[in-house]
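A short write-up of the structure that comes next.
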Amino acid sequence: MNRSEAFSNNKYYIEIIVILALVVDLFIKMLPVIPIGIIILVYLAVRCNKWERVFMFLMYYPWVVGYVLGAVGYSGLGGWFKVIAVIMVIYMIATNQKPMRNAWRAILPFGLLMIFFSVSVLLTTGGDYSLKKLSNTFIDGSLAIIAFLIFFTKQREFDISKMGVFYILISALLLRMSLFTDNISGPSKFLDFGFLRIQQDIFDTDSFHIGYQNIGFVCVQGLAFYLMTLKTNIDVNRIIIPLLGALIILYCGSRQAILSVFIIFILWFIQLRNKKNNAGIRTVVIVGGLVLMSLLMQILVSDEGVLYSVASEGYVEGGSRGLHLMRGIELFEQNPVFGVGFGRFDMWGEYGVYPHNIIVEILAEMGIVGLVLIFVLLLNCIFKNRKAFMFILFLFMALFLRSMASGGLDSNIILFSLLFAMPAFKMDISPYMVIPTMKRHVDLNGKN
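Numbering-wise, the numbering used here comes out as the position in the sequence shown, counting from 1, plus 30.
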């Protein structure tokens, strides 16, 4: 794929129609959501090329398959797509297709990190969750590194905006499916933001359901991917998809997702290139976006808004995770140097939980030593691969902001894997990089 194709006026008519239909069906509830979900899964797999398909199978596709089939009582099938993806990667390596560049430079820091985690487990005691967490961290981190190495190495074969649209489409599907799995009523009006979170909290059961946080997180990643390719050549058609993604996130009511998308949109406004042929639309987008965001924030922090408790009581008291955070700080104060041990975090005897903040988790489980080691490894990757980091800034922010409010280190290891894989990035093959030269933009294929 050349740069002109990457920045062409891509219109995902089918995806936009399906997303709109799923959003509208939140109100009318007429679509057969499970058959549609299966059709969407097949469509996503067929629509991708082989590199995109491997990335998808390693990252989010198994998770979505698990939700769609789990809604009708079938479980355990999603993980097989990871096995298929690994077999595909082995075949690509065996046939000299070179799917991963500079893989050793990603494996080395990840290996050092896993050795440190393992030593922490061996030298500490408490609970029976640490080995499971270590295993999950290694497996998920390894698969994510493979996926991101392929992503960076084969940029010319990746349609990143398409990946973003697919993430948003999946979040729309899961949002609609949640009405079916949780047996909830859905939004009562267009501005019924946060309905999923509120209704899931009211009708919380132990039965199978799709968490509102997960839906919001997937959609934020989709927006991050899509906006990575929207730094130039902006038109009204290409703004529709981010607006739909933002609407889905608002309906989910995931507070970290809402704050994440606000921050990502602000970063996107800052990074917009001011070319003469889009200066007008750029100004409209920035001014209109800031006005819309301020109005939405007023709605969200109002008495019935999903951010009201946080805005009025603070994150610890109003965020429903204060006890976990305070427990993490308490454990760190008891063991400030080395922590209580990897996977040893507990809520007064209850293991397998986490403080919902990756920095507090690292401090509690591995102390100052662990935090310094991890920071050194990550900052070294960022400084040595600054151009790659700017390229994936939106995706990094999506993953980082999520790690500051949700998930444990075993699930947030994907953030580290993204940074460790950056050495595979090569700017001169990226169809998405714009190089300012002598007051004009020269594309990487030699055209002015």
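All C-beta atoms in this analysis are idealised placements derived from N, C-alpha and C, irrespective of residue type, glycine included. Since we're looking at a predicted model, the values are computed, not measured.
#### Entry: Presumed contact (8 Å Cβ cut-off) between V402 and F368, rounded CB distance
V402 to F368, Cβ: 12 Å. No contact.
### Message
For a quick check, are the C-beta atoms of V149 and L161 less than 8 Å apart?
### Response
No, Cβ-Cβ distance for V149 and L161 is not below 8 Å.
### Message
Using only CA atoms, which one of I69, F299, V116, K80 lies nearest to V95?
### Response
I69
### Task
To the nearest angstrom, report how far apart L409 and Q364 are at their CA atoms.
28 Å
### Query
Which residues share a DSSP beta bridge with E380?
Assignment of beta-bridge partners to E380 by DSSP yields M377.
#### Entry: Cα-Cα separation, S208 to I271
21 Å
### Task
Using 10 angstroms around the beta-carbon of L143, count the other beta-carbons present and answer buried if the total reaches 16, otherwise exposed.
buried
### Query
Residue range of the alpha helix (DSSP H) that V370 falls in?
Segment: none, V370 is in no alpha helix (DSSP H) and carries neither H nor E.
### Query
In whole angstroms, what is the alpha-carbon distance linking R285 and V53?
When only Cα atoms are considered, R285 and V53 end up about 20 Å apart.
### Query
So what's M60 in DSSP terms, helix, strand or just coil?
coil
### Query
Who are the near neighbours of C78 in its chain, counting only those whose CB is closer than 7 Å to its CB and skipping five residues on each side?
Counting only residues of its own chain and dropping the five nearest sequence neighbours on each side, C78 has a CB closer than 7 Å to the CB of M86.
### Query
In three-state terms, what does DSSP make of F220?
Coil.
### Query
For K162, does the three-state DSSP call read helix, strand or coil?
In the displayed model, K162 falls within a helix according to three-state DSSP.
### Query
Under the three-state reduction of DSSP, which class applies to C411: helix, strand or coil?
helix
### Message
Between the region 383 to 396 and the region 251 to 262, can you find at least three pairs of beta-carbon atoms closer than 8 Å?
### Response
Verdict: no, contact absent.
### Task
State buried or exposed for V406, treating a residue as buried only when at least 16 other CB atoms are found within 10 Å of its CB.
exposed
### Task
Since I believe I245 is in contact with L205 (beta carbons under 8 Å), could you give me their beta-carbon distance rounded to a whole number of angstroms?
5 Å
### Message
Measuring only the C-alpha atoms, how far is I117 from K128?
### Response
So the two alpha carbons sit approximately 15 Å from each other.
### Task
Starting from the C-beta of V119, find all residues in its chain whose C-beta is less than 7 Å away, skip the five residues before and the five after it, and write them out in chain order.
V84, P129, I176
### Query
Are F210 and Y281 closer than 8 Å when you measure CB to CB?
no
### Task
Have a look at E360 and Y73 and give me their C-alpha separation to the nearest angstrom.
49 Å
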